[in-house]
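When the count follows full-length UniProt numbering, it moves up by one through the sequence shown with no breaks and lands on 856 for the last residue.
Don't be surprised by glycine CBs; every beta carbon is placed ideally from N, CA and C.
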Amino acid sequence: MSFRIYPSNFEAKIGFDELRRLLSSYCGSELGQELVSNLHATDDFTSIEAWLHQTAEMLLLIRQSRPIPSIVETDCRLALRRIRPEGTYLEQEELLSVLHSMQSIEAIVAFVAAHNVPENEITVPYLQRVFSGCYTYPDLSRHIASLFDVRGKIADTASPELGTIRREISQIERQMSRLIERAMRQAKAEGYMEADAMPTVRDGRVVLPIIPSHKRALGGIVQGESTTGRTVFVEPAEVVEAGNRLRELEGEERREIIRILTQTTAQIRSVAQEIIRGIAYLAQFDLIVAKAKFAHKFNGNLPHLSPQPDLLWVGATHPVLQQSLSEHGRSVVPLDITLSSDNRILVISGPNAGGKSVCLKTVGIVQYMLQCGLLPTLSPDSRVGIFGCLAIDIGDEQSLEDDLSTYSSHLKNMKEFIRLSSERSLLLIDEFGSGTEPRIGGAIAQALLHRFNQAGCRGLVTTHYHNLKLFADDTPGLVNAAMLYDRHEMRPLFRLSIGRPGSSFAIEIARKTGLPEDVIDMASELVGQDYTDMDKYLQDIIRDKRYWESKREKIRREEKRLTESADKYARQLESFDTERKRLYKEAAAEAGRLLDEARSRIEGTVRSIKEAKAEREETLKARRELEDFRRQIAELGKTETANSQPKDDRYTRELEKLKRRKERKAVGKVPTSGLPVEPERQSPVAPPRSLRLDDLSVGDLVKIKGQQALGRILEINSRDVCVALGMLKVNVSIDKILLPNEREQEQADKQQEQLRDTRVSRHSNVIDTIHNKRLQFKADLDVRGMRAAEAIDAVAYFVDDAIQLSVPRVRILHGTGSGALRMAIRDYLSGVVGVRQYKDEHVQFGGAGITVVDLN
């Protein structure tokens, strides 16, 4: 099936006819405007891709302020077709028009070639592909240009004969000027002319205005008289001869010019068809430039292209709406829209005048722009597809001629939509199901929506019907969406939120328009409190969704930053590890070299001693050399291990402790007979030695006589030792200090390790909790619409978190209304420790509707 649009006035419905007018204003010639008027969409992906890339290349040059060749507004194609027969020639104006066209073609070809050099920063391969078949004739255009002067007339130098003729004409004209001046002075002196009369030209002849009664007195030829008969125009006799010669020369001049034009036309005739094709290239270039200028003005971009009928749009805008709003100092709100094989049809709900119809038109015009080869007005990060059919049902189509009501016209459109529906169709339906009794209208709309979904259509549907919202929520392929509305400020936000249905805000809008309150109350009672509350809860959900989406975005950015930092540190650690391994390898190689050298030195020394037969002087000399070499190695070892000295000291201390433990174990070892032996008799040969201050060091674990608990030495004085037993510090003499046995030492080490791990884990958990809380904390709290008790609870948690996180200032949005909520919140804040002051926000940022709280 070929590309289809429905209805026939599709372009008018989406606003493309106005866009066409805007695009035409950027054309530099009627040639480009003609192409704009014939611009229509297609589903040929190859052509669309080429058009978009051509425009994108031109847009890049414009954004970089590259000079673009201008197109002279002329069309000489008819003149070039007229000179096909031999002997015909182009007039001066036509030849000049052909020259301008040829020069424009040369400028375009040179411009494209200059920007397609591989060494250039910017290349234009798609433009080069378009204009590679455009031929130029620079020698011929230079020859034609030499025939004209700066005024656009055939120059005196066009041929020697023409130059001679024009010089003689100049001489005759000067001679005639002198003769007519003399005759005029004589006529005025004789009274034949009025004093203020001047010479004039009649039928190519220079004449004097003479009073009728003296027309014979001057002498000459009467060339006519005025309409009133009060003036007779007489050519003086002495000027007649010069005038005749001037007429002859003008004829010769015209014949010479015709000869030149005929000769030049003969040169053009052989390449006339190529010039006509070049003019078509001119029109195409003008169109590309116009599309690029349009994209530059309305922020059009080249998105990611796909032949599949899917779309993922970011920041889509309606260019005509953008133009209209900018004239009034306002800006358009961009839309983010996604349609895919899983989420094919959006069911959009929301208040009247909330932007649902604008959303449909935006999708229609942006997609139509794309398939016309215009850069769509959306973000370059978007992904766009190609559709084989675009159809829209919007507005009132009732017809007196066809006896169609509003609803009948909608049903007629739906019949056509069913016929056009396929996986490559994009359907745009406004106020789906409206125009008849709501129950049956909603049922028919739901059945049609099911049909379109089964056919695999993509589309957008706007509605107020709850059954369609519920159907979209339960049916795969359908997705609810809402045009957002600020119910507190009672204004539409014109933002599309996908994933939740919207509310019509009928009660709120009715109250805003000024309907009597008793009418609104009665309407609320008729629909029931459940319906009203459901609408309110739905909006609360949407509000919370927006809040958590913003939170999630902040967390995503923070996670990205942390991931980048982690990657950076991982790369640094990897680099450090690589460098450490390299240094170790070099050190090992150096150590091997030193060992080899030491071995050879020792062998040499031994050999020298043997050869000298142990003579004293030679032996001492060899020993001194070997001792010098040992000292060199020792100094080198000190230098290499200087950085690791703290670690060696720690290892030394640990080894000393292990030695002391072994000594204590050997001293306190019991006989293996298993019989109880008194301590004094266990080791009669090697009694335990008493502890000295030199045996103890700060940090050692010890016991106090008569105590089972272990303590750690904090300080050692000359006569006593300061020991920490839990939270208690005691000073005891050295003779009351005992060292723990091996089992007690191992238990103490294990408890210390567990305590350290617990403290580290607890400290890490606290830091992580505070960090995450700080990331998620928002300094604004919105309690509008809450009851006073709910608001106070929310403010209490909010202020507590702010104080815990050391936030200096927060804002509470409670609205103005009757002021009761504001007073309740401030009464609570007046009794909160940590609140330094509270006040109204500045009037430009909300005034009395927002309370600013400064915290200690």
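Could you compute how far the alpha carbon of TYR828 sits from the alpha carbon of VAL795? On the sequence shown, position 828 is the one that residue 828 refers to. On the sequence shown, position 795 is the one that residue 795 refers to. Distance between the alpha carbons of TYR828 and VAL795: 9 angstroms.
I'd like the span of the beta strand (DSSP E) that includes GLN223, first residue to last. If you number the sequence shown from 1, residue 223 lands on position 223. Start and end: 220-225.
Would you mind working out which of ALA443, LEU493, CYS457 sits nearest LEU470, comparing C-alpha positions? Your numbering for residue 470 matches position 470 in the sequence shown. With distances taken between Cα atoms, LEU470 lies closest to ALA443.
Mark THR227 as exposed unless 16 or more other C-beta atoms lie within 10 angstroms of its C-beta, in which case mark it buried. Residue 227 sits at position 227 when you count from the first residue of the sequence shown. The residue is exposed, with fewer than 16 neighbouring Cβ atoms inside 10 Å.
Taking the Cβ atom as the reference point for each residue, do VAL479 and VAL347 lie within a distance shorter than 8 angstroms? Numbered from its first residue, the sequence shown carries residue 479 at position 479. Numbered from its first residue, the sequence shown carries residue 347 at position 347. In this structure, VAL347 lies closer than 8 angstroms to VAL479 by Cβ.
For VAL314, which option in CYS27, ASN299, SER324, GLU715 has the closest C-alpha, if you only look at C-alpha atoms? Counting from 1 along the sequence shown, the entry for residue 314 is found at position 314. Ranking the options by Cα distance to VAL314, first place goes to ASN299.
Quick test of your reading: HIS100 and LEU61, contact by CB under 8 angstroms. State the CB separation rounded to the nearest angstrom. Counted from its first residue, the sequence shown places residue 100 at position 100. Counted from its first residue, the sequence shown places residue 61 at position 61. That pair is no contact at about 23 angstroms.
The beta strand (DSSP E) with PRO236 in it runs from where to where? Here residue 236 refers to the residue found at position 236 when the sequence shown is read from its first residue. Its beta strand (DSSP E) spans residues 232-236.
Spatial distance of ILE83 from ARG269 (CA atoms): Counted from its first residue, the sequence shown places residue 83 at position 83. Counted from its first residue, the sequence shown places residue 269 at position 269. One alpha carbon belongs to ILE83, the other to ARG269, and they sit about 7 angstroms apart.
From ARG142 to VAL271, what distance separates their C-alpha atoms? In the sequence shown, the residue the question calls residue 142 occupies position 142. In the sequence shown, the residue the question calls residue 271 occupies position 271. For ARG142 and VAL271, the gap between their C-alpha atoms comes out near 15 angstroms.
At least three beta-carbon pairs within less than 8 angstroms, the stretch 145-157 to the stretch 236-251: The answer is no - the stretch 236-251 does not touch the stretch 145-157, with fewer than three Cβ pairs under 8 angstroms.
Between which residues of its own chain and GLU18 is the CB-CB distance below 8 angstroms, once the five residues before and five after are set aside? Against the sequence shown, residue 18 aligns to sequence position 18. The residues are VAL320.
Quick one: Cα of GLU654 to Cα of PRO808, how far? The residue you call residue 654 lines up with position 654 of the sequence shown. The residue you call residue 808 lines up with position 808 of the sequence shown. Confidence at GLU654 is low in this model, with a pLDDT of 48, below 50, so its placement is unreliable and the value that follows should be read with caution. Straight-line Cα distance between these residues: approximately 50 angstroms.
Exposed unless 16 or more other CB atoms sit within 10 angstroms - verdict on LYS662: One-based indexing of the sequence shown puts residue 662 at position 662. Any reading at LYS662 must be qualified, since the residue scores a pLDDT of 48, below 50, and its modelled position is unreliable; no value is offered.
So, does the stretch 382-397 touch the stretch 358-370, judging by three or more C-beta pairs under 8 angstroms? They touch, by the three-pair rule.
Have a look at SER718, GLN747, SER421 and flag the residue whose alpha-carbon is nearest the alpha-carbon of GLY711. Taking the first residue of the sequence shown as 1, we reach residue 711 at position 711. Among SER718, GLN747, SER421, the Cα nearest to that of GLY711 belongs to GLN747.
Pop quiz: THR42 and PHE3 are said to be a contact at Cβ under 8 angstroms. What is the actual Cβ separation, rounded to whole angstroms? For the purposes of this step, residue 42 is taken as the residue at position 42 of the sequence shown. For the purposes of this step, residue 3 is taken as the residue at position 3 of the sequence shown. Correct: roughly 6 angstroms between the Cβ atoms.
Roughly how many angstroms separate the alpha carbons of LYS665 and LYS705, rounded to a whole number? As a position in the sequence shown, residue 665 is number 665, starting the count at 1. As a position in the sequence shown, residue 705 is number 705, starting the count at 1. Residue confidence is low: LYS665 scores 46 on pLDDT, short of 50, so the model does not pin down where it sits. Its coordinate-derived value is still stated next. Taking the Cα positions, LYS665 is about 19 angstroms away from LYS705.
Specify the secondary structure class of ALA709 as computed by DSSP and reduced to three states. In the sequence shown, the residue the question calls residue 709 occupies position 709. Annotated three-state conformation of ALA709 is coil, per DSSP.
Can you tell me whether LEU208 is helix, strand or coil according to DSSP? Taking the first residue of the sequence shown as position 1, residue 208 is located at position 208. Three-state result, LEU208: strand.
Distance between GLY373 and LEU22 (C-alpha atoms, nearest Å): The residue given as residue 22 occupies position 22 in the sequence shown. The residue given as residue 373 occupies position 373 in the sequence shown. Computed Cα separation, rounded: 16 angstroms.
Any idea what DSSP makes of TYR26, helix, strand or coil? Residue numbering aside, residue 26 sits at position 26 when the sequence shown is read from its first letter. Reduced to three states, the DSSP call for TYR26 is coil.
Mind checking ILE418: buried by the 16 CB within 10 Å criterion, or exposed? Numbered from its first residue, the sequence shown carries residue 418 at position 418. Its Cβ having fewer than 16 others within 10 Å, ILE418 is exposed.
Based on DSSP bridge pairs, tell me the residues matched to LYS729. To locate residue 729, count along the sequence shown from 1; it is residue 729. Under DSSP, LYS729 takes part in a beta bridge, and its partners are ALA724.
Just tell me which of GLU93, LEU80, PRO138 has its CA closest to the CA of GLN103. Mapped onto the sequence shown, residue 103 falls at position 103. Ranking the options by Cα distance to GLN103, first place goes to PRO138.
Once the 5 residues before and after ILE323 are set aside, which same chain residues still bring their CB inside 7 angstroms of it? The residue given as residue 323 occupies position 323 in the sequence shown. Sequence inspection shows Gln at residue 323; the Ile mentioned does not correspond to that position. Excluding sequence neighbours, GLN323 sits near LEU22.
Cβ-Cβ separation, GLY849 to HIS814 (assumed contact under 8 angstroms), whole Å: Position 814 of the sequence shown, counted from the start, is the residue given in the question as residue 814. Position 849 of the sequence shown, counted from the start, is the residue given in the question as residue 849. Taking 8 angstroms as the upper bound for CB-CB distance, HIS814 and GLY849 are in contact here, some 7 angstroms apart.
If you reduce the DSSP assignment to three classes, tell me which class LEU39 lands in. For the purposes of this step, residue 39 is taken as the residue at position 39 of the sequence shown. The DSSP-derived three-state label of LEU39 is coil.
Is any heavy atom in the ligand MG found nearer than 7 angstroms to the beta carbon of GLN263? Of ligands this structure carries none, so the ligand MG is not represented either.
Can you check whether the CB of ILE394 is closer than 8 angstroms to the CB of LEU448? The count along the sequence shown starts at 1 and reaches residue 448 at position 448. The count along the sequence shown starts at 1 and reaches residue 394 at position 394. Their beta carbons are not under 8 angstroms apart, which means LEU448 does not touch ILE394 by this criterion.
So what's LEU478 in DSSP terms, helix, strand or just coil? Looking up residue 478 in the sequence shown gives position 478. For LEU478, the three-state secondary structure derived from DSSP is strand.
Buried versus exposed, by CB contacts within 10 Å (16 or more), ARG500: Walking along the sequence shown from the start, residue 500 turns up at place 500. Within a 10 Å sphere around the beta-carbon of ARG500 sit 16 or more other beta-carbons, which makes this residue buried.
DSSP three-state label for ASP854, please. Residue numbering aside, residue 854 sits at position 854 when the sequence shown is read from its first letter. In this structure, ASP854 counts as strand in the three-state DSSP scheme.
Taking all protein chains shown into account, do 16 or more other C-beta atoms lie within 10 angstroms of the C-beta of MET414, making it buried, or fewer, making it exposed? Here the question's residue 414 lines up with position 414 in the sequence shown. Residue burial is scored here from C-beta neighbours: MET414 has at least 16 other C-beta atoms within 10 angstroms and is therefore classed as buried.
Integer Cβ distance of LEU261 from LEU95, believed to fall under 8 angstroms: Within the sequence shown, residue 261 is the residue found at index 261, counting from 1. Within the sequence shown, residue 95 is the residue found at index 95, counting from 1. 6 angstroms between Cβ atoms; contact.
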